[in-house]
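Here is the structure we will look at, set down as structure tokens.
2 protein chains.
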Amino acid sequence: MHLSDDERFLGVAAALSRKGMEAGAGGPFGAVVVLDGRVVGEGWNRVTSTNDPTAHAEVVAIREACARLGRFDLRGATIYASCEPCPMCLSAIFWARIDRVVFANTREQAAAIGFDDALIYEQVPLPPAERAIPCEHRPLPSALEVFRAWAEKPDRVPY
Amino acid sequence: MHLSDDERFLGVAAALSRKGMEAGAGGPFGAVVVLDGRVVGEGWNRVTSTNDPTAHAEVVAIREACARLGRFDLRGATIYASCEPCPMCLSAIFWARIDRVVFANTREQAAAIGFDDALIYEQVPLPPAERAIPCEHRPLPSALEVFRAWAEKPDRVPY
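Quick mapping for you: the protein sequence lines, in order, are chains A and B.
Take the first sequence: its position 116, counting from 1, is numbered 116 in the working numbering, and each next residue is one higher.
Offset between the second sequence (1-based) and the working numbering: plus 1000.
Printed below as a string of structure tokens:
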């Protein structure tokens, strides 16, 4: 049987999801970042084993790919995820300038086994003060002054 | 002058934003996680200096707080951020079960100095296939099988 690249890399992501789960690393999620036809970052969920709520498979794979490539963006890359990325991972994918996402299981299938992103999808677009976690705006001159200093900083590195 | 706890901790977040910027660590953003009246995690943006697009101030502060406390949730905590959290950080705050967010600068003020979250706010709620970064659903039996195995795993750690 001939597998397409997409099928092959998605299969690697699924295999990592199983590996991480069986090792007790965290939830059953895996991901790989692929650039120019090769895997440059691998990840599986490590939330509970490393006490890091941000250690989702996609975030781990992005961090590994960037570290390996020595860059803070992944233009031209595809990320393959065993499950639809949650809003945190999706936003990380945008910040990393990844070109394309391919995923296998859906958010509904994740919800059915206890991982429910629906609340976060609902909450992100709300006005800050109306969220389930209240987000209070308190203007502070010393904080705004740092923004002004950034705008005038000659050696700033944009991203 | 008497400062409230909120003013004091927000001032610490602003000071970290300046420290990180001046050190060339990354963008002008700082954050602290506070639990029971003390700082348990500090962060400033390190995207460009560590080649990590997920190293926003809030994510760094959450990771540090969780590592220090030896837990993967931060129930009862408040996060103080020098700027309104982006969708990635906001989602991380939800995953970390933080109780409350206090921020100084707004997303509009961030956009004015070149950090524009608006695209990501727009994109997160869209159907996956309609996003600027296309998110393609490719069902894969081996991925779904791992979800089934998780549901039956006797020693799984929920989060």
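Idealized CB from N, CA, C, for every residue including glycine.
| Candidates A/L3, A/R38, A/G30 and A/V39: which alpha carbon is nearest A/N45's? | Taking only the C-alpha atoms, the option nearest A/N45 is A/G30.
| query | What number of angstroms, rounded off, separates the C-alpha of B/R1156 from the C-alpha of B/W1150? | reply | If I take the Cα positions, the gap works out to 7 Å.
| query | Mind pulling the chain A residues with CB within less than 7 Å of B/A1151? | reply | Near B/A1151 (Cβ distances below 7 Å), the residues of chain A are I113.
| request: Tell me whether the beta-carbon of B/L1074 lies closer than 8 Å to the beta-carbon of B/A1067. | output: Note that the C-beta distance between B/L1074 and B/A1067 is not below 8 Å.
| message | Against chain A, with Cβ distances strictly below 8 Å, would B/A1143 count as a contact? | response | Any Cβ of chain A closer than 8 Å to the Cβ of B/A1143 would place that residue at the interface, and such an atom is present.
| message | Beta-carbon within less than 6 Å of A/A55's beta-carbon, same chain only, minus the 5 sequence neighbours each way: which residues are those? | response | Apart from the 5 residues on each side of it in sequence, A/A55 sits with its Cβ closer than 6 Å to the Cβ of R46 and V47 in its chain, given in chain order.
| Start-to-end residues for the alpha helix (DSSP H) that takes in B/A1031 | Annotation: B/A1031 is outside any alpha helix (DSSP H); the continuous beta strand (DSSP E) that includes it extends over G1030 to L1035.
| When you check each C-beta in the region 6-18 of chain A against every C-beta of chain B, which residues fall closer than 8 Å? | Sequence-ordered contacts of the region 6-18 of chain A with chain B read D6, E7, L10, G11, A13, A14, A15, S17 and R18 [C-beta pairs closer than 8 Å].
| How about A/A61 and A/G41: do their beta carbons lie closer than 8 Å? | For A/A61 and A/G41, yes; Cβs fall inside 8 Å.
| Inter-residue spacing [alpha-carbon to alpha-carbon] between A/I133 and A/H2 | If you take the alpha carbons of A/I133 and A/H2, they lie about 48 Å apart.
| query | Within the 8 Å Cβ cut-off, does B/E1108 reach chain A? | reply | It does not; no Cβ of chain A falls within 8 Å.
| task | Could you name the residues of the region 52-78 of chain A whose beta carbon sits closer than 7 Å to any beta carbon of chain B, in the order they occur along the chain? | result | Going along the region 52-78 of chain A in chain order, one finds D52, P53, T54, V59, I62, R63, C66, A67, G70, R71, F72 and D73 with a Cβ nearer than 7 Å to chain B.
| message | To the nearest angstrom, how far is the alpha carbon of B/P1028 from that of B/M1021? | response | Approximately 5 Å between the Cα atoms of the pair.
| field | Members of the region 1032-1050 of chain B that neighbour chain A once the beta carbon cut-off is set at 7 Å | value | Contact annotation: in the region 1032-1050 of chain B, residues whose CB is within less than 7 Å of a CB in chain A are V1047 and T1048.
| said: At the 8 Å Cβ level, is B/P1134 part of the contact set with chain A, yes or no? | reply: The Cβ of B/P1134 sits closer than 8 Å to at least one Cβ of chain A.
| query | Nearest chain B C-beta to A/A104 closer than 8 Å, yes or no? | reply | The C-beta of A/A104 comes closer than 8 Å to at least one C-beta of chain B.
| field | Contacts around A/G24, its chain only, beta-carbon distance under 7 Å, and the 5 residues preceding and following it disregarded | value | Answer for A/G24: S49, listed in chain order.
| Who are A/N105's beta bridge partners in DSSP? | Beta-bridge pairing links A/N105 to A/C83.
| request: With DSSP as the reference, please indicate the residues paired to A/C66 in a beta bridge. | output: A/C66 is bridged by DSSP to nothing; it lacks a bridge partner.
| message | Taking a contact to mean a Cβ-Cβ separation below 8 Å, would you say B/L1016 touches B/V1034 in this structure? | response | In terms of Cβ geometry, B/L1016 and B/V1034 do not form a close pair [threshold 8 Å].
| field | Reference A/T78, options A/T106, A/R18, A/C135 and A/E7, closest by Cα | value | Answer by Cα proximity: A/E7.
| task | Please name the residue, chosen from B/E1058, B/R1138 and B/A1111, that lies closest to B/R1100 on a Cα-to-Cα basis. | result | Comparing Cα-Cα distances from B/R1100 to each of B/E1058, B/R1138 and B/A1111, the minimum goes to B/E1058.
| query | So what's A/E130 in DSSP terms, helix, strand or just coil? | reply | Three-state result, A/E130: helix.
| said: One question on the structure: do B/P1128 and A/E84 come within less than 8 Å of each other, judged by their Cβ atoms? | reply: Judged by beta-carbon spacing, A/E84 lies within the 8 Å limit of B/P1128, meaning their Cβ atoms are closer than that value.
| Is the CB of A/D99 under 8 Å away from at least one CB in chain B? | By this cut-off, A/D99 is an interface position.
| request: With DSSP as the reference, please indicate the residues paired to B/C1135 in a beta bridge. | output: For B/C1135, which the question treats as bridged, DSSP gives the partners A/V101.
| query | Under a three-way DSSP split, which group does A/G43 fall into? | reply | Three-state result, A/G43: strand.
| Backbone CA spacing between A/A110 and A/S82 [nearest angstrom] | Their Cα atoms are separated by approximately 10 Å.
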